[in-house]
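S.K.: So in this note's numbering the end of the sequence shown lands on 154, straight run, no missing numbers.
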Amino acid sequence: MVLDLPAEAIIPELSASTRDEVLAELSANVVTRYPELVDTDIAGILREREQLGSTGIGDGVAIPHGKLRNFRQDQVLVFGRSTKGVDFNSLDARKAHLFFLMLASADAVDTHLRMLARISRLLKDPSVRKALLDADDAGTIRDIIAEQERRF
Numbered sequence: 003m004v005l006d007l008p009a010e011a012i013i014p015e016l017s018a019s020t021r022d023e024v025l026a027e028l029s030a031n032v033v034t035r036y037p038e039l040v041d042t043d044i045a046g047i048l049r050e051r052e053q054l055g056s057t058g059i060g061d062g063v064a065i066p067h068g069k070l071r072n073f074r075q076d077q078v079l080v081f082g083r084s085t086k087g088v089d090f091n092s093l094d095a096r097k098a099h100l101f102f103l104m105l106a107s108a109d110a111v112d113t114h115l116r117m118l119a120r121i122s123r124l125l126k127d128p129s130v131r132k133a134l135l136d137a138d139d140a141g142t143i144r145d146i147i148a149e150q151e152r153r154f
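1. So VAL33 and LEU25 are supposed to be a Cβ contact under 8 Å. How far apart are they, rounded?
2. How is LEU25 classed by DSSP in three states: helix, strand or coil?
3. Among residues of its own chain, excluding the 5 on either side of ASN91, which ones have a beta-carbon nearer than 8 Å to its beta-carbon?
4. Rounded to the nearest angstrom, what separates ALA85 and PHE102 at their Cα positions?
5. Under the DSSP definition of a beta bridge, which residues are partnered with GLN77?
6. Count the other CB atoms within 10 Å of the CB of PRO66; is the residue buried (16 or more) or exposed (fewer)?
7. Less than 8 Å between the beta carbons of LEU134 and ARG83, yes or no?
8. Among LEU28, ARG35, ASP139, which residue has its Cα nearest to the Cα of ARG49?
9. Keeping to the same chain, check which residues put their C-beta closer than 8 Å to that of GLU149; ignore five residues upstream and five downstream.
10. Rounded to whole angstroms, how far is the Cβ of LEU5 from the Cβ of LEU79, which I believe are closer than 8 Å?
11. Give me the DSSP bridge partner(s) of ILE12.
12. At a cut-off of 7 Å, is SER84 close to the ligand PLP when judged by its beta-carbon and the heavy atoms of the ligand?
13. Please report how far the alpha carbon of ILE146 lies from the alpha carbon of GLN75, in whole angstroms.
14. Ends of the alpha helix (DSSP H) at LEU118?
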């Protein structure tokens, strides 16, 4: 299983300054690539998931995720970065800077869990987090993630 992250799924600098704005901005990226989801309240699904517990896992990382009914894709990923950071109610009470949005079909339970674990492992390494924060553009971010993928 590989993190399928095309360049258009990378937002090198989020304009959002709140958790809800981050969720909306990441969701908007999905809708531009999957127009069949235009009537789906992706941000609402993500906010509901956040009410269960923050997906801000700490160390400046958040992995908002949710499941969509009647979605043909196994998974959809979006990466966003906020160099200034956003209060995401993270477990360590620090601002989040790196965001990996993951959406999956409601039927793809196993895929969903494996991908969450893969993203968590990727972003666990402090040197990877620093490289992503320091990257100049979407292409560099994609290259860093692809290089780390080859390690697994």
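Glycine is no exception: its CB is placed at the ideal position from the N, C-alpha and C atoms.
M.R.: Checking against the coordinates, here is how it stands:
1. About 13 Å separates the two Cβ atoms, so there is no contact after all.
2. Helix.
3. The residues ARG21, GLU52, SER56, GLY58, in chain order, have a CB closer than 8 Å to that of ASN91 in the same chain once the five nearest residues on each side in sequence are set aside.
4. Here residue 85 is Thr; the residue named in the question, Ala, does not match the sequence. Annotation: THR85 to PHE102 spans about 14 Å, alpha carbon to alpha carbon.
5. According to DSSP, GLN77 bridges with ALA106.
6. Buried, because 16 or more other Cβ atoms sit within 10 Å of the Cβ of PRO66.
7. Yes, Cβ-Cβ distance for LEU134 and ARG83 is below 8 Å.
8. Sorting LEU28, ARG35, ASP139 by C-alpha distance to the C-alpha of ARG49 places LEU28 at the top.
9. Excluding residues within five positions, none has a Cβ falling inside 8 Å.
10. Confirmed, about 6 Å.
11. Residue pairing by DSSP places ILE12 opposite PHE81 in a beta bridge.
12. Although the ligand PLP was asked about, the structure shown includes no ligands whatsoever.
13. Each residue's Cα considered, the two are about 25 Å apart.
14. Run containing LEU118: 111–126, per the alpha helix (DSSP H) assignment.
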